[in-house]
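J.: Shown below is the structure under consideration.
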Amino acid sequence: MTANFEPITGRYLRIDLLGKPHRVYVEEAGQGIPLLCLHTAASDTRQFRGLMNDPRILEHFRVIAFDLPWHGKSSPPAGWQNTEYRLTTRDYVDMILTMSDALRLDRPVAMGCSIGGRMALHLALDHPERFRAIIGLQAGAHVDPYYDLSWLHRPDVHGGEVSAGVVSGLMGPRSPEAERWETLWHYMQGGPGVFKGDLYFYTIDGDMRGRLGDIDTRRCPLYLLSGEYDYSCTPEDTLDAARRIAGAQAKIMKGLGHFPMSEDPRGFINYLLPVLDRIRGA
Amino acid sequence: MSQPIANPIEQLQQRVNADEKLVWRGRYVDTVFWVETGDSDWLIRVAEGRIVSVKRGPLAMPSWRFALRAPRDAWDTFWLPLPPSGFHDLLAMAKRRVLRIEGDLHPFMANLLYFKGVMAAPRPRDAAEGAAR
Chain R
786 MTANFEPITG RYLRIDLLGK PHRVYVEEAG QGIPLLCLHT AASDTRQFRG LMNDPRILEH
846 FRVIAFDLPW HGKSSPPAGW QNTEYRLTTR DYVDMILTMS DALRLDRPVA MGCSIGGRMA
906 LHLALDHPER FRAIIGLQAG AHVDPYYDLS WLHRPDVHGG EVSAGVVSGL MGPRSPEAER
966 WETLWHYMQG GPGVFKGDLY FYTIDGDMRG RLGDIDTRRC PLYLLSGEYD YSCTPEDTLD
1026 AARRIAGAQA KIMKGLGHFP MSEDPRGFIN YLLPVLDRIR GA
Chain V
13 MSQPIANPIE QLQQRVNADE KLVWRGRYVD TVFWVETGDS DWLIRVAEGR IVSVKRGPLA
73 MPSWRFALRA PRDAWDTFWL PLPPSGFHDL LAMAKRRVLR IEGDLHPFMA NLLYFKGVMA
133 APRPRDAAEG AAR
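Sequence lines, in order, name chains R and V. Here the working numbering is used: the first residue of the first sequence is 786, the next is one more, and so on. Here the working numbering is used: the first residue of the second sequence is 13, the next is one more, and so on.
Encoded structure:
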């Protein structure tokens, strides 16, 4: 029998977010430059399991991720049963900066995917001084809804099953089967209405159209990596964003989709390592 | 010598029913849906996840819950062993506006992984296993 602990440690942080007490799940691995990772809508920190197990990354970076409230092992705030969850740009930014301060991160690298990738653009625009570099995965200025979001939250449709069904095709068809289905499992475990609530930020409130040109990459370098098979934030969306942001560096990742770090950690890390090398000046 | 298959959707019934895991995924599906492939229309009846019949149109007064409509070349691309990005998934084609998904979508959305698997079933067998399901 073999049994090995991974290098990841997870803890619960008691912290006030948005003026309310919260219990937030945080995990980390490695040491060095803090690399703060932001998961996709309706998912959680497990998406970064590949990064947190790769010694090439852990040698130079302290990889940190937290489950947003309502996600993964972070609880919703007390009284959640009487509210409809809806993620706004203002709240999302506030939570990230508050968490970064609470964890005493000194100008971390921020890396987010999907809603986290959109947030990466917001952080690059409004808070460049807080980060030493920003990496947007599957990041674009805007996504028009291409299906009726109300299907994600209604009692006569299983929310986990429909969420997984909605995102299954966003992954590269040749990404490893076990990693793809692990990624879908996270979606199947999401709480009712959380995916829909996150997409309020993604499709409406977090719209960055018309503002990308104001991002100053001299204040904080910006890297954009997007997977070829993503039809939510398409490669064209990312390349369009890169054209509008002077100094932004974009690369399209062949064969990958919307969840690069989770659907094919090995393939993704091959694209990420050169970016991390540049950030640490190697 | 057997007749060549004119439309891959003609393989749907055999392919789906031979896939026990897919049938199990759709074990609560009892519905009728409509597929347009440009060159023809198809009325597909499902009972407990099995394809009961695939009838080629035109049909007099067909009744169905929902419809999937795309040109033949889009379906042919979708049914390639490894379809290019944008044609590898039903919602990807809907986002590109080459596939229209219409009607009473409850059975479709409540069983989305199942119907993605059903429509991908005509892909050649050596296609990436489970791709886009």
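In this text, a Cβ means the ideal position worked out from N, Cα and C, and glycines have one as well.
Between R:Gln923 and R:Gly902, how many whole angstroms is the CB-CB distance? I'm expecting something under 8 Å.
T.: Indeed, because the Cβ distance is near 5 Å, the residues count as touching under 8 Å.
J.: If you measure from the beta carbon of V:Gly115 to each beta carbon in chain R, is any gap under 8 Å?
T.: V:Gly115 does not count as touching chain R.
J.: Decide if the region 884–893 of chain R is in contact with the region 794–812 of chain R; the criterion is three or more beta carbon pairs, one per stretch, under 8 Å apart.
T.: Yes: the two stretches touch, three or more of their Cβ pairs being nearer than 8 Å.
J.: Report the rounded CA-to-CA distance for V:Met73 versus R:Arg871, giving the unit in angstroms.
T.: Taking the straight line from one Cα to the other gives about 44 Å.
J.: Do V:Lys107 and R:Tyr931 count as a contact pair if the criterion is CB distance below 8 Å?
T.: Cβ atoms of R:Tyr931 and V:Lys107: closer than 8 Å.
J.: In whole angstroms, what separates the C-alpha of V:Asp51 from that of R:Gly1012?
T.: Their Cα atoms are separated by approximately 34 Å.
J.: Let me confirm a value: R:Glu946 is counted as buried when at least 16 other C-beta atoms fall within 10 Å, else exposed. Which label applies?
T.: R:Glu946 is buried by the Cβ-count criterion.
J.: Would DSSP call V:Thr89 helix, strand or coil?
T.: Residue state, collapsed to three classes: helix.
J.: So the alpha helix (DSSP H) R:Tyr1016 belongs to, where does it begin and stop?
T.: Here R:Tyr1016 belongs to no alpha helix (DSSP H), and DSSP marks it neither H nor E.
J.: For the region 74–106 of chain V, which residues have a beta carbon sitting closer than 8 Å to at least one beta carbon of chain R?
T.: Listed by position along the chain: Leu94, Pro95, Ser97, Gly98, His100, Asp101, Leu102, Leu103, Ala104, Ala106.
J.: Which residues, taken in chain order from the region 123–139 of chain V, show a beta carbon closer than 9 Å to some beta carbon of chain R?
T.: Listed in sequence order: Asn123, Leu124, Leu125, Tyr126, Phe127, Lys128, Ala139.
J.: Between R:Tyr972 and R:Val952, is the Cβ-Cβ spacing less than 8 Å?
T.: Yes, Cβ-Cβ distance for R:Tyr972 and R:Val952 is below 8 Å.
J.: Evaluate contact between the region 898–912 of chain R and the region 817–828 of chain R, counting only Cβ atoms and requiring at least three cross-stretch pairs below 8 Å.
T.: Yes, the region 898–912 of chain R is in contact with the region 817–828 of chain R.
J.: So, at 6 Å on beta carbons, what are the nonlocal neighbours of V:Val35 in its own chain, with the 5 sequence-adjacent residues on each side left out?
T.: Here the set comprises Gly61, Arg62.
J.: Let's test the definition: count the other Cβ atoms within 10 Å of the Cβ of R:Pro913 and tell me whether it reaches 16, buried, or not, exposed.
T.: Looking at its Cβ environment, which holds 16 or more other Cβ atoms inside 10 Å, R:Pro913 is buried.
J.: Please check if any C-beta of chain V sits within less than 8 Å of the C-beta of R:Glu1048.
T.: No - not a single Cβ of chain V is within 8 Å of the one on R:Glu1048.
J.: Of all the CB atoms in chain V, is at least one closer than 8 Å to the CB of R:Val942?
T.: It does: the Cβ of R:Val942 has a partner Cβ on chain V nearer than 8 Å.
J.: Between which two residues does the beta strand (DSSP E) harbouring R:Thr794 extend?
T.: Looking at the DSSP string, the run of the beta strand (DSSP E) that includes R:Thr794 is 794–802.
J.: Can you list, in chain order, the residues of its chain whose CB lies under 6 Å from that of R:Thr968, leaving out five sequence neighbours each side?
T.: Closer than 6 Å at Cβ, skipping near neighbours: Phe1044, Ser1047, Glu1048.
J.: Under 8 Å, do V:Leu55 and V:Gly69 count as touching if we go by C-beta distance?
T.: Result yes, Cβ atoms of V:Leu55 and V:Gly69 sit closer than 8 Å.
J.: Under 7 Å between beta-carbons, which chain V residues line up against R:Ala949? List them in chain order, please.
T.: The answer, in chain order, is Leu125.
J.: Short of 8 Å Cβ to Cβ, which residues in the region 809–839 of chain R face chain V?
T.: Of all residues in the region 809–839 of chain R, none has a Cβ within less than 8 Å of some Cβ in chain V.
J.: Contact check, R:Pro819 vs R:Ile849 under 8 Å by CB: the rounded distance?
T.: Indeed, because the Cβ distance is near 6 Å, the residues count as touching under 8 Å.
J.: Scan the region 844–860 of chain R for residues whose Cβ lies nearer than 8 Å to a Cβ of chain V and list them as they occur along the chain.
T.: Taking 8 Å as the Cβ-Cβ cut-off against chain V, none of the residues of the region 844–860 of chain R qualify.
J.: Do we get a CB-CB distance below 8 Å when we pair R:Gly1052 with the residues of chain V?
T.: Cβ-Cβ to chain V under 8 Å: no for R:Gly1052.
J.: Less than 8 Å between CB atoms is the rule here; does R:Pro961 satisfy it with respect to chain V?
T.: R:Pro961 does not count as touching chain V.
J.: Using a C-beta cutoff of 8 Å, does R:Glu946 count as contacting chain V?
T.: Chain V contact via Cβ: present.
J.: Does chain B have any CB closer than 8 Å to the CB of R:Pro958?
T.: Included in the structure are the protein chains R and V, with no chain B among them.
J.: In chain order, what residues of the same chain lie with their CB nearer than 8 Å to the CB of V:Arg112, ignoring the 5 residues before and after it?
T.: Excluding residues within five positions, the ones whose Cβ falls inside 8 Å are Ala79, Leu80, Arg81, Ala82, Ala106.
J.: Given that a residue counts as buried once 16 or more other Cβ atoms are within 10 Å of its Cβ, and exposed if not, what is V:Leu26?
T.: Correcting the residue identity first, residue 26 of chain V is Gln in this sequence and not Leu. Result: exposed.
J.: Take V:Leu71 and list the residues in its own chain whose beta-carbon comes closer than 7 Å to its own, dropping the five residues that flank it on each side.
T.: Answer for V:Leu71: Leu55, listed in chain order.
J.: Out of curiosity, what's the CA-to-CA distance linking R:Asp990 and R:Ser859?
T.: Taking the straight line joining both Cα atoms gives about 23 Å.
J.: Under a CB-based cut-off of 8 Å, is R:Trp970 close to chain V?
T.: R:Trp970 does not count as touching chain V.
J.: Near V:Val58, which residues of its chain fall below 6 Å by C-beta distance, leaving aside the five closest residues on each side in sequence?
T.: Once the five neighbours on either side are set aside, the close Cβ partners of V:Val58 are Val41, Thr43.
J.: State the Cα-Cα distance for the pair V:His118 and R:Arg892, rounded to the nearest angstrom.
T.: Roughly 47 Å separates the two Cα atoms.
J.: Quick one: what's got a C-beta closer than 7 Å to R:Ala909's C-beta in the same chain, skipping five residues either side?
T.: Answer for R:Ala909: Ile919, Ile1000, Cys1005, Leu1007, listed in chain order.
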